[in-house]
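Residue numbers 36 to 147, in the working numbering, belong to the letters of the sequence shown in order.
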Amino acid sequence: MINELKYKECIEACLQCMNACNVCYVSCLKEYELAMLRDCIALDRECADICAFAAQAMSRNSPFVKEICELCIQACVACAEECEKHDHDHCRQCAEACRRCADVCREMVGQL
């Protein structure tokens with residue numbers, strides 16, 4: 036069984052990623068080249084929601100934690116790849132948070 040400390044680290048990474056995605060989402064909506072950021076905006080929302088769901092699942096010790104975290108990894112990687120296409124600070128910060136979250140989730144999934 037996974038230890039509580041590892042869940043805590045993963046929950047924190049998911050919540051940090053959720054926050055970074057939400058900041059990026061709101062910031063993208065304020066940019067002038069909105070059409071160019073359409074995919075970034077959409078993935079920010081998806082990733083934020085999935086990270087929040089993953090954090091909730093871990094806090095409840097859901098029997099589906101592994102599958103939910105695997106989905107979280109996919110969402111984080113997709114969001115990071117999209118954000119890395121843009122030069123905005125909020126996109127770079129979001130990509131970093133997504134990459135970290137994916138790494139922490141990947142490590143945890145490997146222990147389940």
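Glycine included, C-beta positions come from ideal geometry on N, C-alpha and C.
Between the CA atoms of residue j and residue i - distance to the nearest angstrom
i: Val58; j: Met93; result: 23 Å
i: Lys120; j: Arg80; result: 17 Å
i: Asp84; j: Leu72; result: 19 Å
i: His123; j: Leu64; result: 12 Å
i: Cys142; j: Glu102; result: With the sequence shown as reference, residue 142 is identified as Glu, and Cys is not the correct amino acid for it. Cα to Cα, the separation comes out at about 14 Å.
Contacting residues, own chain, Cβ-Cβ under 6 Å from residue i (five flanking each side not counted)
i: His125; result: Val58, Cys59 and Ser62
i: Glu133; result: Checking the sequence, you will find Cys at residue 133 rather than Glu. So the qualifying residues of the chain are Cys52, Cys111, Cys114 and Ala115.
Whole-Å CB distance - residue i paired with residue j, under 8 Å assumed
i: Met53; j: Cys86; result: 4 Å
i: Cys136; j: Ala48; result: 4 Å
i: Ala89; j: Cys107; result: 4 Å
i: Gln128; j: Ala55; result: 6 Å
Best match in the options for proximity to residue i [C-alpha to C-alpha]
i: Glu44; options: Cys140, Leu147, Gly145 and Gln146; result: Cys140
i: Glu117; options: Gln146, Cys82 and Leu147; result: Cys82
7 Å Cβ shell around residue i - same chain, five flanking residues per side excluded
i: Asn96; result: none
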